[in-house]
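In the order they appear, the protein sequences are chains E and Y. So for the first sequence, numbering that gives the first Met the number 0 puts the first residue at 0; every next one is plus one. So for the second sequence, numbering that gives the first Met the number 0 puts the first residue at 0; every next one is plus one. Each residue gets a CB set at the ideal place from its N, CA and C atoms; glycine is no exception.
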Amino acid sequence: MLAYTLRRLLMMVPTLLVISFIIFVIIQLPPGDYLETYIAELQAQGEAVDPAKIEFLRQQYGLDKPFLEQYFLWVWGLVQGDLGYSFEYRLPVSDVVGDRLLLTVVVATASIVFTYLVAFPIGVYTAVRQYSLGDYTLSFIGLLGLATPNFLLGLILLHLAYEWFGTSIGGLMDPEYINQPWSLAKVGSVLAHLWVPVVVIGTAGTAAMIRRLRANLLDELEKQYVVTARAKGVPPVRLLFKYPLRLAINPFIADIGNLLPQVISGAAVISVVLDLNTTGQMLVTALQSQDMYLAGSFLMFQSMLVVVGVYLSDIALAALDPRIRLTGGATK
Amino acid sequence: MSAAVTDFYRYPPNRLVGDYLRSGVGVAFGLAVLLAADSVTWVMALIFGGLALAFSAFGLRTVRQHLTEVAVNDEGIYTRSVTGARALPWDQLTALRLRYFGSHRQRKSRSGGFLELTLQGPEQRLKLESSIAGFRDIAWWSARAARQNGLSIDPTTAGNLLAIGIDADSETPRPVSDPDFEI
């Protein structure tokens, strides 16, 4: 297991390097750079543009350097924890993003935990009690969650949270805690606001996961070894947890890697609707204004989350299901 | 070891090249970042120092595999390496496990990954990876011993043995002509 863990760990390094290069290329793909956008904005406002100042800024920001040099400087900075410089905010990226990266991780992790906490028991119940009233009711609710647009659910929950609990509309904390140092009161405020985005983002993935777990578990429950175990008098709950469930949750575990990008890209849209202080809104603005180091840092951070998610899911999968399937693919 | 007909197996160097490269690149990357950085924060030291240490351990493990020699006969399995010699007579085998390790992508494509055979005795545990020459032969001897000792084999191990052509429940011909296994 240790050997496998390390082998997979090392694969993450070239993966992240390739991703960083692709991100840098994509950010640079639109014609021009931040300064050209800046000049266009100044001209649109009727302000004079000083070519000497623009040239000075181009040198200061390193935009006059060759593409590869810019890329290597950026990557080397990232490795050392330096996220670069935001042109738009005229501040280091780390100062601009502040708590946003942490809050994005909190929202994404809480959404995944919510998805699993809801989908797992419902998926198991609907498979074990197939075609029962509970199965139909829970499946209906799950499908309702899948069909409801996230922004609509978000607006409804915001309204209900304000009406019932007096929670302030939008954001991930009460306004008085924004830009304040972390304290217990601030953590409490975040927790009070967190459930709305978590439910909104989480419900989208829940229904699909319920259906998948239900289908997998039903397949396993119909297999001969389960019938044999039942005939031999193995207690139903013990039988369920010993093999069928363990095998049925494979796609569930493998989904961690797929779930992270979905959650984060879903959160980007939701963060605009719910006015969340996560990376979503700022990323969109940074991409529009070609603030390349800010946008690049966000995208790298999100990519890293995905790569780590896939890594964790592979490790969990290796621990939970060490079976080999060779039909049609292996050589001796 | 007795004079019974004994087969000797080693990890072929060409199958260890990948692991040597991995450990070398991992150590070099971790150290390069630490040495070239203007200032090393504790987070950097933790991440890249940890990476270098982990891959150093992985490299040492690969060296040990490179120098390991395995001998099997109808009396037992014997290993000799830099860390010493160990013997596990078949009649002392108390547990047998065969596990597959592969990423989600490797599982789906049904290629890549590796198998790990764990043999448990009263005092020691032997672990062998499928990259060793004669892996199927070693697995065959192990399954035979497990059957003779009346050991209970978990379904995963039984399934994996079957996948490499060895039936844990009944006598299958010894894979003498094709003892290796490579995914």
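- For a cut-off of 8 Å, the C-beta gap from H103 (chain Y) to S312 (chain E) is around 7 Å, short enough to register as a contact.
- With contacts defined as CB atoms closer than 7 Å, G83 (chain E) and Y292 (chain E) qualify as a contacting pair.
- Of all alpha-carbon atoms in E:L183, E:L157, E:V195 and E:M0, the one lying nearest the alpha-carbon of K126 (chain Y) is that of E:M0.
- The beta carbon of I111 (chain E) sits no closer than 7 Å to any beta carbon of chain Y.
- Look at A317 (chain E): its C-beta is under 7 Å from a C-beta on chain Y.
- Here E128 (chain Y) carries a strand assignment [DSSP, helix/strand/coil].
- Against chain Y, a Cβ distance below 7 Å from L5 (chain E) picks out A53, F54 and F57.
- Annotation: G165 (chain E) to A184 (chain E) spans about 16 Å, alpha carbon to alpha carbon.
- If only uninterrupted beta strand (DSSP E) runs of at least 3 residues are considered, those enclosed by the segment 78-160 of chain Y are 83-88, 94-100, 113-119 and 124-128.
- Within its own chain, the residues whose Cβ lies closer than 8 Å to the Cβ of V39 (chain Y), once the five positions on either side in sequence are excluded, are L33, listed in chain order.
- In terms of CA proximity to V112 (chain E), E:I200 leads the group E:S270, E:I200 and E:P30.
- Comparing alpha-carbon positions, the option among E:L15, E:M10 and E:R6 lying closest to Q301 (chain E) turns out to be E:L15.
- Residue state for F7 (chain Y) is assigned as strand, using DSSP reduced to three classes.
- Chain-ordered listing is empty here: chain Y has no CB closer than 8 Å to the CB of A51 (chain E), the nearest sitting near 31 Å.
- The Cβ neighbour count for W89 (chain Y), taken over all protein chains shown within 10 Å, is at least 16; the residue is labelled buried.
- Counting C-beta pairs with one atom in each stretch, the segment 5-12 of chain Y and the segment 58-76 of chain Y have three or more that are closer than 8 Å, which means they touch.
- Annotation: Q42 (chain E) to M281 (chain E) spans about 24 Å, alpha carbon to alpha carbon.
- E87 (chain E) and Q289 (chain E) have their C-alpha atoms some 9 Å from each other.
- For the pair A53 (chain Y) and L5 (chain E), the Cα-to-Cα distance works out to about 7 Å.
- Interface annotation, R322 (chain E): in contact with chain Y, CB-CB separation under 7 Å.
- At least 7 Å separates the beta-carbon of R146 (chain Y) from that of T117 (chain Y).
- With a contact defined as Cβ atoms closer than 8 Å, Q123 (chain Y) and L92 (chain Y) miss out at about 11 Å.
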